[in-house]
Each structure stands twice: as structure tokens, then as C-alpha cells.
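Counting from 1, one number per residue, gives the positions in the sequence shown under my numbering.
Backbone N, C-alpha and C define an ideal beta-carbon position, used for all residues, glycine too.
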Amino acid sequence: MRVLPALTSLLLAAALAGCGGDVDDLLRPRPTGCYFGGGEEPVHLTAEQTANAATIAAVGMRDGMDERAVAVAITTAMQESELVNVDYGHHDSLGLFQQRPSMGWGTEEELLDPVYASFKFYEKLDRTDGWRDMTLAEAAQAVQISAYPELYEQWEDDAVVIAAVLAGGEESGLRCVSGSADEAAEPASLAEAYAYQWGIEATSVDETTVVIGPYEAVPGWNRAAWAVARSYDHGIESVAYDGLVWTPGEDGWVEPQSEDGENVAATEDLDPGTIVVTFASEA
Numbered sequence: 001m002r003v004l005p006a007l008t009s010l011l012l013a014a015a016l017a018g019c020g021g022d023v024d025d026l027l028r029p030r031p032t033g034c035y036f037g038g039g040e041e042p043v044h045l046t047a048e049q050t051a052n053a054a055t056i057a058a059v060g061m062r063d064g065m066d067e068r069a070v071a072v073a074i075t076t077a078m079q080e081s082e083l084v085n086v087d088y089g090h091h092d093s094l095g096l097f098q099q100r101p102s103m104g105w106g107t108e109e110e111l112l113d114p115v116y117a118s119f120k121f122y123e124k125l126d127r128t129d130g131w132r133d134m135t136l137a138e139a140a141q142a143v144q145i146s147a148y149p150e151l152y153e154q155w156e157d158d159a160v161v162i163a164a165v166l167a168g169g170e171e172s173g174l175r176c177v178s179g180s181a182d183e184a185a186e187p188a189s190l191a192e193a194y195a196y197q198w199g200i201e202a203t204s205v206d207e208t209t210v211v212i213g214p215y216e217a218v219p220g221w222n223r224a225a226w227a228v229a230r231s232y233d234h235g236i237e238s239v240a241y242d243g244l245v246w247t248p249g250e251d252g253w254v255e256p257q258s259e260d261g262e263n264v265a266a267t268e269d270l271d272p273g274t275i276v277v278t279f280a281s282e283a
């Protein structure tokens, strides 16, 4: 007779019963990673997957590709690598898109750089006749020439949601709830990544802040979402844009408030199209 497990269950039940209204909070799994879209079932990615998706989108925007092209690229990377920059694959395949050095995509070092790998994907997509008239899966197959083309189809819906946030300018469509990495990068590191991926310098950088924009005729929400997507790797404390502020957690984007609870402007002295990324100051 297994008495100990039964006793353990009874003690746990008694403890939970004593918690009253806190029982649901104790039993509910803590959210992790990032959530795309404002629907009842948003698309969930890990922090690592989110950062890679943001890179793919940024390179596409930098090189003049549109939201649909970004959706094709994300569909492809979700199937090929699950949006993880792996250093292995079938034969000599590598990276987000499982591109092969032996097939002329680039060197191993180049293909393990998500920016380069994304550039090469879009380069071939752009040369593919009629890709805009294809489904996302068909366009992915036209670039990749996979032995299993039907597998791309399962990622199309998620890719559309992700691309709408990262390349379509969807307002406040991304929230990340994970904390920052143990060794947070300096603001200068984020500014360097921004310049490399977007092809344009940040407006200003200091010890605790990176300012991006404003830029005329440029969807700021794409860049604001990119910053949120980098929050784990770079130890970002908040991102402010268009009168709203994002901080890590389940609340997502909210109107900032003063200590007395009054709503205040997120970027009081700046153009409303400016993105302000804030980092925790060193103790």
C-alpha cells in the first residue's frame, strides 16, 4: 500500500484549500517567452525564437521586401529550424534556413549569421518568378527545394500573425514576459544590432537609453516590436512608443502613469514617432 503519495496529495490539497482565492494563481503555469497578436489564442514563441523572427523581419524591411515576403521567410524558418539558429542539419545544412555551403549559399560562418542567412533567403525569393501569386508554403518551397514541401503549410497561419507584428505595423502586437538574460548587454550593443539589421543608425545612445527615430514614412511599430523582441538578450527595462510603454510581464503595452496614478506621456519631450528603449542603470 503506497501511503506516502496519498498523504502528500492530502497535504497539498489542504495547503491549497487554505490559500483561498490564490489557488488558481498557484496552479496556473507562469507565462514565458513572447506572444504575438491580440486574439484569444496569440502565437507563442520563446525569447530566442522571437529574437530570430525579429531579425528575419528587420533584414526584409531593410532590403525593401514587404510583409508577405517576411511571412514566407518566417514560414520557412519555422519548418527548417523552429526559428533556432542551429549549427547542424541534414548533410551540411546550417542555421535558421538550413542553407548548405556546398550548394553555394555561403560559408559556414556566413550561414550561421542570421542577418546574412536572411539576406540570402530574400535574395533568392526576389528572383523567383511569380512568388507573390503562390501560397506561403509554395513560395518557401520555390526557394528551398525541399524533399517534403507539404510540411511548410503547417506554419502559414502563425507566420502571418508574426509578420503582421514585425513587418506589418500592427500596433502593440507583441508582448514578452520573460526576464532579461543573466548578463545583459550594454545599450551600445543594441544600437549596433539595430544598425546591422535595419541598415540605419540609432538616433542616440547613452549609458541607459537608446533612441530610435523618428523617421518619416516608416512604420515605427515594426521597430518598436523589434526592440521588445530583443529585450531578453539585451536586458531591456522598457520600450516607449506612440504614447504607450512596454515592460516585461503580462500587461503588455500600457499608458504610463506617474506615482499618483495619473497618465503621463511616454516620451514627453520627443517627437511622438520616437522609440525610447531604456535599460536598468548599474547599481
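Given a cut-off of 7 angstroms, decide if residue j and residue i are closer than it, judged by their beta-carbon atoms.
| i | j | result |
| --- | --- | --- |
| Gly37 | Val115 | no |
| Thr75 | Tyr152 | yes |
| Val70 | Ala202 | no |
| Gly169 | Trp226 | no |
| Arg284 | Ile212 | A question about residue 284 goes unanswered here, because the residues of the chain that appear run from 1 up to 283. |
| Val228 | Leu174 | yes |
| Leu111 | Ala117 | yes |
| Ser290 | Tyr232 | In the structure as shown, the chain begins at 1 and stops at 283. Residue 290 is therefore absent and cannot be evaluated. |
| Val205 | Ile236 | no |
| Pro31 | Glu250 | yes |
| Asp87 | Pro101 | no |
| Gly147 | Trp131 | The sequence given here places Ala at residue 147; Gly does not occur at that position. No; because the gap between Cβ atoms is not below 7 angstroms, this pair is not in contact. |
| Ala137 | Glu156 | yes |
Taking residue i as the reference, which of the options has the closest Cα?
| i | options | result |
| --- | --- | --- |
| Asp271 | Gly130, Ile74, Ala240 | Ala240 |
| Arg62 | Thr135, Val43, Arg132, Gly199 | Gly199 |
| Ala73 | Val43, Val245, Phe119 | Phe119 |
| Gly33 | Pro42, Thr50, Pro256 | Thr50 |
| Leu244 | Glu109, Ile275, Asp233 | Ile275 |
| Gln197 | Arg100, Thr209, Arg132, Asp113 | Asp113 |
| Thr55 | Arg127, Thr135, Phe97 | Phe97 |
| Pro214 | Asp242, His90, Ser238, Gly104 | Asp242 |
| Glu48 | Ala58, Asn85, Gly39 | Asn85 |
7 angstroms is my cut-off, CB to CB: does residue i come that close to chain D?
| i | result |
| --- | --- |
| Arg100 | Chain labels in this structure do not include chain D; a single protein chain is all it has. |
Go through its chain and collect everything with a Cβ distance to residue i's Cβ below 8 angstroms, but skip five positions before and after it.
| i | result |
| --- | --- |
| Ala53 | Leu45, Ile74, Ala77, Leu83, Ile162, Leu166, Ala229 |
Inset, instruction - Pair every Cβ in the segment 75-86 with every Cβ in the segment 188-196, then say whether three or more of these pairs are closer than 8 angstroms. - result: no
Legend entry - Ordered list of alpha helix (DSSP H) runs contained in the segment 28-61, each at least 4 residues: none
Legend entry - Uninterrupted alpha helix (DSSP H) stretches inside the segment 213-244 (no shorter than 4 residues): 220-229, 231-234
Legend entry - In chain order, each alpha helix (DSSP H) run of at least 4 residues that lies wholly inside the segment 138-201: 156-166, 187-198
Legend entry - Every unbroken beta strand (DSSP E) within the segment 71-107, with a cutoff of 3 residues, ordered by chain: none
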